[in-house]
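First comes the structure, then the notes that go with it.
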Amino acid sequence: MKRLLLLAAAVAAFTAQAQSFPGSKPITIVVPFSAGGPTDRVARDLAEALRKPLGGATVVVDNAAGAGGSIGANKVAKAAPDGHTLLLHHIGMATMPTLVRNLPFKVESDFEYLGMVNDVPMTLIGKPGLPANNYKELATWINENKAKVNLGNAGIGAASHLCGLMFQNALKIDMTTVPYKGTGPAMTDLLGGQIDLLCDQTTNTSGQIEAKKVKAYAVTTAKRLSTPALKDLPTLQESGLKGFEVTIWHGLYAPKGTPADVVAKLNTALKAALKDADFVKKQEGLGAVVVTDKRMESAEHKKFVADEIAKWSPVLKAAGVYAD
Ligand code: ASP
Numbered sequence: 002m003k004r005l006l007l008l009a010a011a012v013a014a015f016t017a018q019a020q021s022f023p024g025s026k027p028i029t030i031v032v033p034f035s036a037g038g039p040t041d042r043v044a045r046d047l048a049e050a051l052r053k054p055l056g057g058a059t060v061v062v063d064n065a066a067g068a069g070g071s072i073g074a075n076k077v078a079k080a081a082p083d084g085h086t087l088l089l090h091h092i093g094m095a096t097m098p099t100l101v102r103n104l105p106f107k108v109e110s111d112f113e114y115l116g117m118v119n120d121v122p123m124t125l126i127g128k129p130g131l132p133a134n135n136y137k138e139l140a141t142w143i144n145e146n147k148a149k150v151n152l153g154n155a156g157i158g159a160a161s162h163l164c165g166l167m168f169q170n171a172l173k174i175d176m177t178t179v180p181y182k183g184t185g186p187a188m189t190d191l192l193g194g195q196i197d198l199l200c201d202q203t204t205n206t207s208g209q210i211e212a213k214k215v216k217a218y219a220v221t222t223a224k225r226l227s228t229p230a231l232k233d234l235p236t237l238q239e240s241g242l243k244g245f246e247v248t249i250w251h252g253l254y255a256p257k258g259t260p261a262d263v264v265a266k267l268n269t270a271l272k273a274a275l276k277d278a279d280f281v282k283k284q285e286g287l288g289a290v291v292v293t294d295k296r297m298e299s300a301e302h303k304k305f306v307a308d309e310i311a312k313w314s315p316v317l318k319a320a321g322v323y324a325d
């Protein structure tokens with residue numbers, strides 16, 4: 002009898018918590034990279050857009066950076082499943098299972114999928130004083146300098162790591178890779194001339210490209226972009242790197258076990274945030290595109306990530322880059 006009463010009390014508390022979501026404590030969006038970088042930028046815009054649809058709740062960003070984005074993802078996988086700790090992550094959710102040895106969580110079963118956010122192209126950029134002024138000159142310069150070329154990235158499993166691997170593979174040249182906890186600090190070092198090259202999302206690079214503070218060589222999408230600051234950049238494909246195509250996508254996650262009605266509330270709020278005119282405009286200005294209504298759905302998000310794991314795993318393995 003005592004047991005039954007305890008069980009009933011637990012169920013009642015659980016239901017009350019779900020009904021009152023969001024509660025009085027803030028909702029934290031964990032970004033698995035440093036502040037000031039491209040994922041952080043998307044998360045801060047999203048946090049702002051989520052406030053209203055979440056009834057005025059406080060939504061904050063926590064940068065749990067390191068290990069290519071796996072530290073932050075693990076933090077959310079192990080967090081209380083009450084809807085107050087969320088993860089914003091990118092294509093790394095699909096590459097980490099292949100690239101990171103002993104990943105401490107399972108991408109496909111340790112999270113509730115809340116819906117996708119946007120697609121973001123990448124750009125290949127160089128430090129201000131780099132002698133190459135276009136992609137052709139860059140290819141020659143890399144060929145002359147080979148391993149002396151320093152290529153920054155955000156650690157194994159990050160988007161910049163993936164792009165850098167694809168780039169080195171396409172050129173058949175091993176450069177020196179310099180890992181950071183995010184491409185925010187990598188950009189600081191690129192601007193200071195400490196590293197030579199970076200492949201990074203337009204959410205971090207478009208402003209620097211527009212202000213002509215970095216050298217911009219190409220975009221990683223199959224087609225040229227229409228964003229004013231980026232529209233003159235050639236694609237890597239048209240620059241001679243056959244089949245080179247990578248676009249970064251972001252999705253929002255909660256720990257596995259978050260109650261279904263809390264997941265539904267978060268999904269509804271996410272959809273409203275993604276329709277917010279201000280959010281959409283900000284993303285467009287940064288070269289990013291908000292996902293279609295279909296991809297805002299939890300089930301579609303889950304399927305998309307599974308498909309991306311299936312797409313990238315053989316590519317990475319064929320390139321000889323994977324954790325054994
Ligand atoms: N752009 C980074 C990456 O390479 C991550 C970041 O700092 O947002 O994955």
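Using the working numbering, read the sequence shown as starting at 2 and increasing by one per residue.
Virtual Cβ for every residue (Gly too), placed ideally from N, Cα, C.
(message) Spatial neighbours of residue 56 within its chain, please: C-beta separation below 8 Å, excluding the five flanking residues on both sides.
(response) 23
(request) State yes or no: is the C-beta of residue 299 within less than 8 Å of the C-beta of residue 88? (result) no
(request) Indicate the three-state DSSP secondary structure (helix, strand or coil) for residue 57 in the structure shown. (result) coil
(request) Tell me whether residue 113 sits in a helix, a strand or coil according to DSSP, three-state version. (result) strand
(message) Could you check if residue 41 belongs to the surroundings of the ligand ASP, using beta carbon to heavy atom distance under 7 Å?
(response) yes
(message) Taking 6 Å as the limit between beta carbons, can you name the residues of its chain near residue 228, skipping five residues before and five after?
(response) 288
(request) State buried or exposed for residue 32, treating a residue as buried only when at least 16 other CB atoms are found within 10 Å of its CB. (result) buried
(request) Give the DSSP-derived three-state secondary structure of residue 255 in the structure shown. (result) strand
(request) With DSSP collapsed to three states, give me the class of residue 38. (result) coil
(request) Assign residue 14 to buried or exposed, taking buried as 16 or more other Cβ atoms, counted over all protein chains shown, within 10 Å of its Cβ. (result) Low confidence applies here, because residue 14 scores a pLDDT of 47, under 50, leaving its location unreliable; read the following figure in that light. Exposed is the call here.
(request) Give the straight-line distance between the Cα atoms of residue 307 and residue 203, rounded to the nearest whole angstrom. (result) 25 Å
(request) Have a look at residue 49 and residue 171 and give me their C-alpha separation to the nearest angstrom. (result) 39 Å
(message) Between the stretch 198-217 and the stretch 121-128, can you find at least three pairs of beta-carbon atoms closer than 8 Å?
(response) yes
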